[in-house]
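Working notes for the structure below.
In our numbering, the protein residues as written are 26 to 493.
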């Protein structure tokens with residue numbers, strides 16, 4: 026039979042009534058609070074008893090203090106004299122218990138209680154939530170920018186942007202709710218006290234909102250991983266899983282560092298400095314090391330070649346070139362190539378499929394090569410295709426040291442040779458390049474290939490247009 030139990034803490038710092046009621050109920054069931062951690066509260070089995078719990082606040086309390094401050098010690102002595110036993114503290118919240126039903130309450134002046142709660146909230150809850158709000162707004166910036174500019178494609182062009190927005194937007198709303206809920210509670214409690222009443226109960230809506238938020242985080246994280254795996258983004262999915270695992274490991278190690286320094290009785294300043302140094306070093310080693318590994322091994326490209334390769338003319342070529350290409354150089358030119366390298370890169374999201382095909386072939390014995398590259402963009406939503414085309418056709422200035430050197434832009438061309446509904450050719454300023462964007466219902470293609478003849482354009486159209 027277990028003698029200890031851990032429960033997730035879903036209370037807010039100012040919900041003293043909820044904490045008192047929960048702890049009294051737990052002890053009546055035979056579980057006494059032993060330690061209140063940032064996320065988990067530890068209970069130890071005890072004889073069921075009817076006891077009272079009371080909460081008060083000490084704004085001098087801190088996780089970084091080597092021990093109780095003078096204010097906390099004075100508070101504990103006063104409470105002990107009144108028959109209250111100190112259980113533990115949770116940030117600035119000080120938790121006491123008593124088996125004496127006649128013990129006097131710890132707080133008798135509701136106005137002072139409310140002021141003490143607000144001082145504690147200003148030291149912990151309010152700044153942390155404001156910082157969290159700005160961080161979430163930074164994560165969701167691409168979504169909000171796309172929303173304000175009407176760039177629908179910018180919001181859903183890849184799964185990372187899509188799901189970052191999907192979770193950060195409700196998270197922003199949750200942070201706003203937390204802050205506004207506290208200030209609304211404080212204002213209403215102040216009015217209640219002025220009318221001769223007490224601080225108002227917080228209610229359970231806060232706890233339900235927290236559970237809903239965690240449920241959304243889990244749901245969207247799972248959806249992101251599955252969407253990346255189904256779309257060929259195994260590297261991105263692996264990075265996300267490892268990143269989150271290392272992040273929680275980092276949080277655990279940093280908290281253990283703080284607890285270790287507290288046990289060593291170092292000063293508050295030294296504890297904060299030591300924790301910050303350990304946090305920086307571990308973040309650099311764990312998160313930085315993971316990111317370096319992912320970039321060095323090209324986890325994010327979604328690219329895949331043909332497997333086994335061999336070397337010829339100082340280049341690597343495919344032993345068995347991929348056969349899943351809609352259009353190949355051999356089909357386009359009618360020539361035979363002995364040395365070929367092919368690669369496919371999958372991007373896009375649940376709403377937009379983006380697949381890039383890249384092929385290079387050696388001309389004769391070399392060293393000259395011929396290249397073919399094209400990207401297929403597909404979506405089932407016409408409004409999304411319009412937004413996608415606006416993004417693809419947007420002017421792209423190339424700058425150096427703040428000066429515009431030249432601008433890539435697309436000019437419309439006759440789509441008939443391509444067998445498309447519309448066609449554009451890319452230009453550098455006024456000079457045309459060998460890059461075209463072709464459009465059919467539900468599909469856009471960006472293709473790069475030398476200077477194709479009309480016959481080659483017809484072959485490309487037949488191979489790349491969507492099936493009827």
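Just so it is clear, CB atoms sit at the ideal spot from N, CA and C, and this is done for glycine as well.
C-alpha distance - residue i paired with residue j, whole-angstrom precision
{"i": "residue 539", "j": "residue 172", "result": "Only positions 26 to 493 of the chain appear in this structure, which leaves residue 539 out of reach."}
{"i": "residue 400", "j": "residue 233", "result": "46 Å"}
{"i": "residue 161", "j": "residue 203", "result": "14 Å"}
{"i": "residue 488", "j": "residue 352", "result": "6 Å"}
{"i": "residue 27", "j": "residue 301", "result": "36 Å"}
{"i": "residue 140", "j": "residue 313", "result": "43 Å"}
{"i": "residue 80", "j": "residue 145", "result": "13 Å"}
{"i": "residue 324", "j": "residue 309", "result": "19 Å"}
{"i": "residue 369", "j": "residue 206", "result": "50 Å"}
{"i": "residue 159", "j": "residue 188", "result": "18 Å"}
{"i": "residue 270", "j": "residue 156", "result": "23 Å"}
{"i": "residue 93", "j": "residue 87", "result": "9 Å"}
{"i": "residue 407", "j": "residue 466", "result": "8 Å"}
{"i": "residue 54", "j": "residue 77", "result": "13 Å"}
{"i": "residue 411", "j": "residue 422", "result": "22 Å"}
{"i": "residue 380", "j": "residue 350", "result": "11 Å"}
{"i": "residue 71", "j": "residue 102", "result": "25 Å"}
{"i": "residue 177", "j": "residue 170", "result": "10 Å"}
{"i": "residue 113", "j": "residue 229", "result": "23 Å"}
{"i": "residue 95", "j": "residue 138", "result": "19 Å"}
{"i": "residue 413", "j": "residue 311", "result": "37 Å"}
{"i": "residue 365", "j": "residue 398", "result": "13 Å"}
{"i": "residue 305", "j": "residue 242", "result": "26 Å"}
{"i": "residue 239", "j": "residue 453", "result": "49 Å"}
{"i": "residue 363", "j": "residue 346", "result": "11 Å"}
{"i": "residue 98", "j": "residue 110", "result": "12 Å"}
{"i": "residue 198", "j": "residue 484", "result": "52 Å"}
{"i": "residue 208", "j": "residue 214", "result": "10 Å"}
{"i": "residue 334", "j": "residue 464", "result": "35 Å"}
{"i": "residue 486", "j": "residue 182", "result": "24 Å"}
{"i": "residue 344", "j": "residue 336", "result": "10 Å"}
{"i": "residue 89", "j": "residue 64", "result": "17 Å"}
{"i": "residue 190", "j": "residue 355", "result": "43 Å"}
{"i": "residue 165", "j": "residue 376", "result": "19 Å"}
{"i": "residue 125", "j": "residue 154", "result": "38 Å"}
{"i": "residue 326", "j": "residue 316", "result": "14 Å"}
{"i": "residue 468", "j": "residue 372", "result": "15 Å"}
DSSP-derived helix/strand/coil call for residue i
{"i": "residue 145", "result": "helix"}
{"i": "residue 165", "result": "coil"}
{"i": "residue 129", "result": "coil"}
{"i": "residue 273", "result": "helix"}
{"i": "residue 375", "result": "coil"}
{"i": "residue 362", "result": "coil"}
{"i": "residue 194", "result": "helix"}
{"i": "residue 181", "result": "helix"}
{"i": "residue 473", "result": "strand"}
{"i": "residue 468", "result": "strand"}
{"i": "residue 113", "result": "strand"}
{"i": "residue 46", "result": "helix"}
{"i": "residue 107", "result": "coil"}
{"i": "residue 225", "result": "coil"}
{"i": "residue 95", "result": "helix"}
{"i": "residue 41", "result": "helix"}
{"i": "residue 418", "result": "coil"}
{"i": "residue 352", "result": "coil"}
{"i": "residue 403", "result": "strand"}
Per DSSP, cross-strand counterpart(s) of residue i
{"i": "residue 370", "result": "328 and 381"}
{"i": "residue 343", "result": "334"}
{"i": "residue 431", "result": "423"}
{"i": "residue 82", "result": "118"}
{"i": "residue 202", "result": "Residue 202 is not bridged to any residue."}
{"i": "residue 452", "result": "434 and 457"}
{"i": "residue 396", "result": "385"}
{"i": "residue 32", "result": "66"}
{"i": "residue 56", "result": "70"}
{"i": "residue 1", "result": "Absent from the model: residue 1. The displayed extent of the chain is 26 to 493, so no value can be given."}
{"i": "residue 447", "result": "464"}
{"i": "residue 207", "result": "None; residue 207 has no bridge partner."}
{"i": "residue 171", "result": "According to DSSP, which records beta bridges pairwise, residue 171 is partnered with nothing at all."}
{"i": "residue 61", "result": "66"}
For residue j and residue i, believed in contact at Cβ under 8 Å, the rounded distance
{"i": "residue 262", "j": "residue 254", "result": "5 Å"}
{"i": "residue 168", "j": "residue 194", "result": "6 Å"}
{"i": "residue 367", "j": "residue 330", "result": "7 Å"}
{"i": "residue 404", "j": "residue 420", "result": "Incorrect: roughly 23 Å between the Cβ atoms, too far for contact."}
{"i": "residue 61", "j": "residue 120", "result": "7 Å"}
Any beta strand (DSSP E) of 3 or more consecutive residues that is wholly inside the region 233-305: none
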